[in-house]
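**Q**
Number of protein chains: 2
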Amino acid sequence: MRYLIKFSYDGSGFIGYQTQPNLRTVQSELEKAITRINDGKRVIVHASGRTDKGVHALSQFVHVDIDVSITSAKLKRAMNTYLPKDIHVINVKEVNDKFHARYCVLEKEYKYILNMGEFNPIERNYVFQYNHDLNVENMKDAIKYFLGEHDFRAFVTENKDKANCVRTITKARISLKNRKITFTFKGTGFLRYQVRNMVGILIKVGENKIDPIDVKKILDSCDRSKNGVTAPAEGLYLMKVIYKK
Amino acid sequence: MRYLIKFSYDGSGFIGYQTQPNLRTVQSELEKAITRINDGKRVIVHASGRTDKGVHALSQFVHVDIDVSITSAKLKRAMNTYLPKDIHVINVKEVNDKFHARYCVLEKEYKYILNMGEFNPIERNYVFQYNHDLNVENMKDAIKYFLGEHDFRAFVTENKDKANCVRTITKARISLKNRKITFTFKGTGFLRYQVRNMVGILIKVGENKIDPIDVKKILDSCDRSKNGVTAPAEGLYLMKVIYKK
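Here is the structure:
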């Protein structure tokens, strides 16, 4: 039986999402827990996508095939018993064996949080502690250039293989509250480091080092060397994964 | 010269505020940092009060006497260089030697945050993960009984010495947002575990196990055995310390 598992995690204690030998990853913790439930028979989970070291998720998905017969409710309960406290299963449902957690994704939404105010030790792993003022109005002007279909080659850190970098962004928004900036990006898919690289260039705009229109120029250039900034991982959250009905 | 130091900390990595041999405490980290600045001559910091293991502070104060000549701005900068990332100095100012961080306190404000919604791994050390619905209306009725001057003997965990337990609470309020309850308490002083014990009994009200009026009865009884519940530390924040002008 195939199950779709919705879960959240605190990325600060993991070396990343994907299994790596002898390292603590989200995937390996999930597989360890489900393998116990599956009478010790090894399972592999398939995620909607990876997140990098230090990145958090409030709503991430994997699908998994399990041999033992178990209800969705019991699978959720058992997983939360076996998982460490920094991963939590929110929901489990049975899906048919055509469903794939990665290939059936329609859209994803990410959030990035930056603190312009005083350093906050409580949020140090959960909000980028930038701790200086930024020109938020200019950043709001600049973020609009990301909307729509673009070749995001200039915003991908690893791009040796020249793969297809065309993606569509359907929401790109900045909100401000108590000297904290929240960036929201929704789109059909995101390349590795894309969100953190987009936030990085927006910070440069906020520092008045470049103009909002320069973001469009960099995007159009398709040249990664034009944009060398990557915002740190701790401010990034995978918020939503939207699947085909 | 005497300095008043305003600082914040993430309580989750400390055994508590007060120095204890061979254990990691907020006080000992502060004293280690200042001793380095004071040319290695040992200093003792005097706090507005202690917080217990796992409790956080967004605005806590100590005063300290330092022999070396240093401006407030430089002292702040030097401390933030030497302190670990889970303590942060917000502000330093020179005060006269009559000032005492504990004896000059007028009022303190605490906040307690409880999540009635789904377990959130990202907030597990920062918000009490109660994860069930509560009768918030009854809790709002009950919290009013704490307002004013009372003998809080029934809400103190350690009370062998029968010391004076009379305190005045000037603000006691509940707010609700996204299935998170925030309790705010402001008053002339708080006894050990008092806030967590008050929250504990309010949770019992929220569970419909007792009526709001029972909170008044327990308070009036001055009998600790009538109230055996203490809410966990991770939801508690010292928010403000207000000093005499």
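If you read the sequences in order, they're chains A and B. To convert, count from 1 in the first sequence and add 959; that's my numbering. To convert, count from 1 in the second sequence and add 959; that's my numbering. Think of the CB as a built atom: it goes at the ideal place given N, C-alpha and C, for glycine as much as any other residue. None of the values given here were measured: they were computed from a predicted structure.
1. Please confirm if residue 1078/A has its CB atom under 7 Å from at least one CB of chain B.
2. Measure the alpha-carbon distance for residue 991/A versus residue 1056/A and round it to whole angstroms.
3. If you measure beta-carbon to beta-carbon, which residues of the segment 962 to 989 of chain B are closer than 7 Å to chain A?
4. Tell me which same chain residues have a C-beta within less than 8 Å of the C-beta of residue 1000/B, skipping the five on either side of it?
5. What is the DSSP secondary structure of residue 1049/A, counted as helix, strand or coil?
6. For residue 1091/B, is the classification buried or exposed, using 16 other Cβ atoms within 10 angstroms of its Cβ as the cut-off for buried?
7. Residue 1150/B and residue 1016/B look like a contact to me (Cβ under 8 Å); what is the Cβ gap, rounded to whole Å?
8. In terms of DSSP beta bridges, what is residue 1021/B paired with?
9. Taking three-plus beta-carbon pairs below 8 Å as touching, is the segment 1057 to 1070 of chain A in contact with the segment 971 to 984 of chain A?
10. Helix, strand or coil for residue 1104/A? Go by DSSP, reduced to three states.
11. Enumerate in chain order the residues of its own chain whose CB-to-CB distance from residue 1257/B is below 6 Å, with the five nearest sequence positions on each side excluded.
12. Should residue 1171/A and residue 1101/A be called a contact, given that it needs their Cβ atoms to be closer than 7 Å?
13. Give the residues of chain B in contact with residue 1049/A, contact being defined as C-beta atoms less than 7 Å apart.
14. Can you have a look at residue 1113/B and say buried or exposed, based on whether 16 or more other CB atoms are within 10 angstroms of its CB?
15. Counting only Cβ pairs nearer than 7 Å, list the residues of chain B close to residue 1085/A.
16. Determine the direct distance from the alpha carbon of residue 967/A to that of residue 1178/A, and round the result to whole angstroms.
17. Does residue 1091/A have its Cβ less than 7 Å from a Cβ in chain B?
18. As a quick exercise: from 1037/A, 1175/A, 1005/A, pick the residue whose alpha carbon is nearest that of residue 1024/A.
19. Mapping DSSP to helix, strand and coil, what is residue 1114/A?
20. Could you check what DSSP says for residue 1146/B in three-state terms: helix, strand or coil?
21. When the Cα of residue 1181/A is compared with those of 1116/A, 1135/A, 1041/A, which residue comes out closest?
22. Using a beta-carbon distance cut-off of less than 7 Å, what residues from the segment 1023 to 1054 of chain A approach chain B?
23. According to DSSP, residue 1140/A sits in a beta bridge with which residue or residues?
24. Enumerate in chain order the residues of its own chain whose CB-to-CB distance from residue 970/B is below 6 Å, with the five nearest sequence positions on each side excluded.
25. So, is residue 979/A buried or exposed, given that buried needs 16 or more other C-beta atoms within 10 angstroms?
26. Buried or exposed for residue 1155/B, please, with buried defined as at least 16 other CB atoms from any protein chain shown within 10 angstroms of its CB.
27. Within the continuous alpha helix (DSSP H) that includes residue 1199/B, where are the two ends?
**A** Based on what the coordinates show:
1. yes
2. 22 Å
3. 967, 968, 969
4. 994, 1026
5. strand
6. exposed
7. Actually they are not in contact, since the Cβ atoms of residue 1150/B and residue 1016/B sit about 17 Å apart, beyond 8 Å.
8. 964/B, 1006/B
9. no
10. helix
11. Absent from the structure is residue 1257/B, since the part of chain B shown begins at 960 and ends at 1204.
12. yes
13. 1077
14. buried
15. 1081
16. 32 Å
17. no
18. 1005/A
19. helix
20. strand
21. 1116/A
22. 1044, 1045, 1046, 1047, 1049
23. 1073/A, 1135/A
24. 1013, 1014, 1015
25. exposed
26. buried
27. No alpha helix (DSSP H) contains residue 1199/B, which is instead part of the beta strand (DSSP E) from 1195 to 1202.
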